[in-house]
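Engineer:
Protein chains: 2
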Amino acid sequence: MTDQPHKTLEWIGESRTGHLRLLDQTKLPSETVFLDCDTLDAVWGAIKRLSVRGAPAIGVSAAYGVIVGMQSSADLSREQFDANLEEVAQYLATSRPTAVNLFWALDRMTAFAASRSDLSAADILTELLEEARRIDREDQEMCLAIGQHGAALLPDDCGVLTHCNAGGLATAGDGTALSVFFAAHRQGKKLHVYADETRPLLQGSRLTAWELQQRQIPVTVICDSVAGWVMKQGRIQAVVTGADRIAANGDAANKIGTYAVAQLAHAHGIPFYIAAPSSTFDLSLSSGEEIPIEERDREEVVNAYGLATAPEGVDVFNPAFDVTPAKLITAIITERGVIDEISRDHVAAHLQAVPS
Amino acid sequence: MTDQPHKTLEWIGESRTGHLRLLDQTKLPSETVFLDCDTLDAVWGAIKRLSVRGAPAIGVSAAYGVIVGMQSSADLSREQFDANLEEVAQYLATSRPTAVNLFWALDRMTAFAASRSDLSAADILTELLEEARRIDREDQEMCLAIGQHGAALLPDDCGVLTHCNAGGLATAGDGTALSVFFAAHRQGKKLHVYADETRPLLQGSRLTAWELQQRQIPVTVICDSVAGWVMKQGRIQAVVTGADRIAANGDAANKIGTYAVAQLAHAHGIPFYIAAPSSTFDLSLSSGEEIPIEERDREEVVNAYGLATAPEGVDVFNPAFDVTPAKLITAIITERGVIDEISRDHVAAHLQAVPS
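Just so you know, the protein sequences line up as chains D and G, in that order. First residue of the first sequence? That's 204 in this note's numbering, and the numbers climb one at a time after it. First residue of the second sequence? That's 204 in this note's numbering, and the numbers climb one at a time after it.
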């Protein structure tokens, strides 16, 4: 389905004896190490320690984690199987308490089991693996569709800029913003990607640069403060980023720094695109002002590998996200297509329409 | 002259037996350590190793370094003294080969000695110390004047943002951009400073935050990518930065990231000020397009204390400076006053006028 050179996650083998293989993202970019998770604790720990990260990738991992956790129950009564399933799901849900996709995937697995109460324990385990594979495949299809719709917006022979990592590493497939670049590259379009390093956690230099390098797509890492300057120099023809949450009016929350990049793109007349699955829209939020912004630990900013980079006790403001107002967004790309005029009505119509 | 809590540099004692004391900036912000340089090699090494940095501070240190280097010549013939002086100056000039203020200060010291060839070796040594003190004092006065002129532009009870370190640590006095904040603070104006950490070398979090903390001025460190977001939140009423070189039309080169900050200030209707001595103008440059931009080593960006933060061999673009066009600069503050309409004619008039 994809030419992903290293799978973020993968089920190896059959339902009763197989296991979940994860690319250990904590070792990137220095080492490409895979974790073979064949116990429930191994899956739980891998999610907890951020060996796998990104909302969609966590969801798919948890679905496969259910299979790992239920293998020892395949010869029990169905009643006992269901009781154990409940426990396994509850345990996996504690690995990342705020990850919405994690709960969503676990709920889908338990609901599926409940819908097929006619099957034996052995048979439902086999069927549950099929359901996990469907979740996996749907995520990959979503990524590919976003890539197709987005690639059409990029001119040939262009410079593009992205912020943070909205890549394959955050999904079971090609990612969202990076999927646009991968699709354009597959279509033979020439492009050069500028990757903001993305302080404080450097997802851009650590992960985005790695993914592009793996695909042999030209990439240049820059400090976040250089984004405006490369735009000024005429090196950038489009900006594409992901989003964590999009309000009903199109205001989009994404990694801190996205707002500044959108403002700078606007000042230079460069189109600014958001690429995200339609599930990112939260229509209960009227505008971006209602999106809560998580503030993270000061140590992320002022402590580099145990070395203090600021005077002791100094105040730090470390928001994890910012909100880009709809008026700075040229278009939003989802697996359904492109919203090229951002308004409450166009967002609603896009989400209600039959996917293209 | 200043309420500087820790002097960046200071001459201790008399001409024949005294020495240069430097605040060791390589130890900041973790430790406040002073280097007592009582040999020529100690002064040379301190400049070389960046224990003292910033063009004005290097110039003043070199002037005092001449005294340290000439103390052993005080009982020689004047002819021998002059020959040794030439050697000492040439040696000190090799400590930072590209620092213009270093050569300027050494030239001023040797020219002063030449102008007083009537004095004995012992007497010219005493007079040379006076000349070094004058260079020191002039630098301090320049800083204070910039502070006075700039502080008048800040409203009471405001949030201000700065980028990099244009502080006392780069001069013998209060610095340039930070001198504006220090003066406003002395005048009793309430202000809260947001300090961009300033990747890749973190002069903002390491040095600017330290200087403000020392003066008990409220300061918050932010990643460079947060500057736009704090402006959006209404926390910033003015931006003040230094400059490394200003062209005849007012285009200003400063630390990479300054251009983006100026664009973001413009987008939010926030005044953007440059604070720099009038010696920063280079009238041989017609516009900012003629300012050469130094590109620095990729390791500064992708190697954090020996740990790779990007995949091996990945391309990095690491310019040291960028150029902010005059049209984005609200005013330029020098020791002579304020240029509040940036044009070729106003710059020329400002530099020709008798200092206010």
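Where a beta carbon is used, it is the ideal one built from N, C-alpha and C, also for glycine.
From the DSSP output, in three-state form, read off residue 544 (chain G) for me.
Structural biologist: Residue 544 (chain G): coil per DSSP, three-state reduction.
Engineer: Only counting the same chain, and skipping five residues up and downstream in sequence, which positions put a Cβ closer than 7 angstroms to that of residue 256 (chain D)?
Structural biologist: Excluding positions up to five away in sequence, the list reads 228, 373.
Engineer: Report the start-end ranges of each alpha helix (DSSP H) in the stretch 457-513 of chain D that is 4 residues or longer and not cut off at the edges.
Structural biologist: Runs of the alpha helix (DSSP H) inside the stretch 457-513 of chain D: 461-470, 502-505.
Engineer: Hey, could you find the ends of the alpha helix (DSSP H) residue 291 (chain D) is sitting in?
Structural biologist: Its alpha helix (DSSP H) spans residues 281-296.
Engineer: Count the other C-beta atoms from every protein chain shown that fall within 10 angstroms of the C-beta of residue 564 (chain G), then say buried if there are 16 or more, exposed otherwise.
Structural biologist: One cannot answer for residue 564 (chain G) here, as it falls past the ends of chain G, which runs 204 to 559.
Engineer: With a threshold of 8 angstroms, are at least 3 pairs of Cβ atoms found where one atom belongs to the stretch 408-419 of chain G and the other to the stretch 326-338 of chain G?
Structural biologist: No, because fewer than three Cβ pairs between the stretch 408-419 of chain G and the stretch 326-338 of chain G fall closer than 8 angstroms, the two stretches do not touch.
Engineer: Who are the near neighbours of residue 344 (chain G) in its chain, counting only those whose CB is closer than 7 angstroms to its CB and skipping five residues on each side?
Structural biologist: For residue 344 (chain G), where only same-chain residues beyond five positions count, there are no Cβ hits under 7 angstroms.
Engineer: Checking contacts by CB at 8 angstroms: is residue 285 (chain G) closer than that to chain D?
Structural biologist: It does not; no Cβ of chain D falls within 8 angstroms.
Engineer: Just checking: is the beta-carbon of residue 413 (chain G) within a distance shorter than 8 angstroms of some beta-carbon in chain D?
Structural biologist: It does: the Cβ of residue 413 (chain G) has a partner Cβ on chain D nearer than 8 angstroms.
Engineer: For a contact meaning CB atoms closer than 9 angstroms, what does residue 525 (chain D) contact in chain B?
Structural biologist: No chain B appears in the structure shown, which is made up of the protein chains D and G.
Engineer: Per DSSP, what are the beta-bridge partners of residue 534 (chain D) in this structure?
Structural biologist: DSSP, once it has assigned bridges, lists D:476 as partnering residue 534 (chain D).
Engineer: Among all the DSSP beta bridges, which residues are the ones paired with residue 222 (chain G)?
Structural biologist: Answer is G:215, bridged to residue 222 (chain G).
Engineer: Name the DSSP beta bridge partners of residue 524 (chain D), please?
Structural biologist: For residue 524 (chain D), which the question treats as bridged, DSSP gives the partners D:458.
Engineer: Who are the near neighbours of residue 493 (chain G) in its chain, counting only those whose CB is closer than 6 angstroms to its CB and skipping five residues on each side?
Structural biologist: Hits under 6 angstroms: none found.
Engineer: Per DSSP, what kind of secondary structure is residue 409 (chain D) in: helix, strand or coil?
Structural biologist: Three-state result, residue 409 (chain D): helix.
Engineer: I need the DSSP call for residue 248 (chain G), collapsed to helix, strand or coil.
Structural biologist: Looking at residue 248 (chain G) - three-state DSSP - the assignment turns out to be helix.
Engineer: Identify the contact partners of residue 470 (chain D) in chain G, using a Cβ-Cβ distance below 8 angstroms as the criterion.
Structural biologist: Within chain G, the residues near residue 470 (chain D) are 466, 469, 470.
Engineer: If contacts are defined as beta-carbon pairs under 8 angstroms, then residue 526 (chain G) and residue 504 (chain G) qualify, I think. What distance do you get, rounded to the angstrom?
Structural biologist: Actually they are not in contact, since the Cβ atoms of residue 526 (chain G) and residue 504 (chain G) sit about 20 angstroms apart, beyond 8 angstroms.
Engineer: Taking Cβ-Cβ distances shorter than 8 angstroms, what residues in chain D pair up with residue 402 (chain G)?
Structural biologist: The answer, in chain order, is 400, 402, 426, 427, 428.
Engineer: Between the alpha carbons of residue 354 (chain G) and residue 434 (chain G), how many angstroms are there, rounded?
Structural biologist: So the alpha carbons of these two residues sit roughly 20 angstroms apart.
Engineer: Three or more C-beta pairs under 8 angstroms: does that hold for the stretch 275-289 of chain G against the stretch 308-327 of chain G?
Structural biologist: Yes: the two stretches touch, three or more of their Cβ pairs being nearer than 8 angstroms.
Engineer: Count the CB pairs spanning the stretch 437-445 of chain G and the stretch 466-479 of chain G that are closer than 8 angstroms, and state whether there are at least three.
Structural biologist: Touching, yes.
Engineer: Less than 8 angstroms between CB atoms is the rule here; does residue 462 (chain D) satisfy it with respect to chain G?
Structural biologist: Answer yes: the Cβ-Cβ gap between residue 462 (chain D) and chain G drops below 8 angstroms somewhere.
Engineer: Can you tell which of D:305, D:449, D:408 has the C-alpha that lies nearest to the C-alpha of residue 296 (chain D)?
Structural biologist: It is D:305 whose Cα lies nearest to the Cα of residue 296 (chain D).
Engineer: Are the C-beta atoms of residue 546 (chain D) and some chain G residue less than 8 angstroms apart?
Structural biologist: It does not; no Cβ of chain G falls within 8 angstroms.
Engineer: Hey, would you say the C-beta of residue 527 (chain G) is under 7 angstroms away from at least one heavy atom of the ligand FAD?
Structural biologist: Of the ligands one can find in the structure shown there are none, so the ligand FAD has no counterpart to examine.
Engineer: List, in order along the chain, the chain D residues whose C-beta lies closer than 9 angstroms to that of residue 459 (chain G)?
Structural biologist: Per Cβ cutoff of 9 angstroms: 426, 428, 429, 432.
Engineer: Taking the alpha helix (DSSP H) that residue 395 (chain D) belongs to, which residues open and close that run?
Structural biologist: Looking at the DSSP string, residue 395 (chain D) is not in any alpha helix (DSSP H); the run it does join, the beta strand (DSSP E), is 394-399.
Engineer: Would you mind sorting residue 300 (chain D) into buried or exposed? The rule is 16 or more other CB atoms within 10 Å of its CB.
Structural biologist: Residue 300 (chain D) comes out exposed.
Engineer: Could you tell me how far apart the beta carbons of residue 360 (chain D) and residue 316 (chain D) are, in whole angstroms, since I believe they sit closer than 8 angstroms?
Structural biologist: The Cβ separation is near 51 angstroms, so there is no contact.
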